[in-house]
Amino acid sequence: MTQQVAVWFGTEADWYRLQVAVQHHCECALLHATCEAHRLLTNQVSLDHLAFVSQIRERVIAEERTR
2 MTQQVAVWFG TEADWYRLQV AVQHHCECAL LHATCEAHRL LTNQVSLDHL AFVSQIRERV
62 IAEERTR
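For what it's worth, the working numbering labels the leading residue of the sequence shown as 2, then goes sequentially.
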């Protein structure tokens, strides 16, 4: 069986922030298996959503400040 590979389409800076967040929430050692935080990195739909949100983040924040 082949393992599915997910690809990050966001910026390098956003990828770094995601890696930090995943490490912060990692439970692999406790579970003795791949944790949900690391499993997220193998889900293409989730990565695409996170990349999209990271691209529009500043615009949404600016819009909220003007309300």
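Glycine included, every Cβ here is placed at the ideal spot set by N, Cα and C.
With 16 other Cβ atoms within 10 Å as the buried cut-off, status of residue i
i, result
"Leu-32", "exposed"
For residue i, the three-state DSSP class (helix, strand or coil)
i, result
"His-26", "helix"
"Ala-63", "helix"
"Arg-40", "helix"
"His-50", "helix"
Rounded distance between the beta-carbons of residue j and residue i, thought under 8 Å
i, j, result
"Asp-15", "Ser-47", "That belief does not hold up - the Cβ atoms of Asp-15 and Ser-47 are roughly 14 Å apart, past 8 Å."
"Val-61", "Ala-38", "Incorrect: roughly 24 Å between the Cβ atoms, too far for contact."
"Gln-5", "Thr-43", "6 Å"
Close beta carbons around residue i, own chain, < 6 Å, minus the five adjacent residues each side
i, result
"Ala-52", "Phe-10 and Gly-11"
"Leu-41", "Ser-47"
Own chain partners of residue i with C-beta closer than 8 Å, once the 5 adjacent residues on each side are dropped
i, result
"Val-21", "none"
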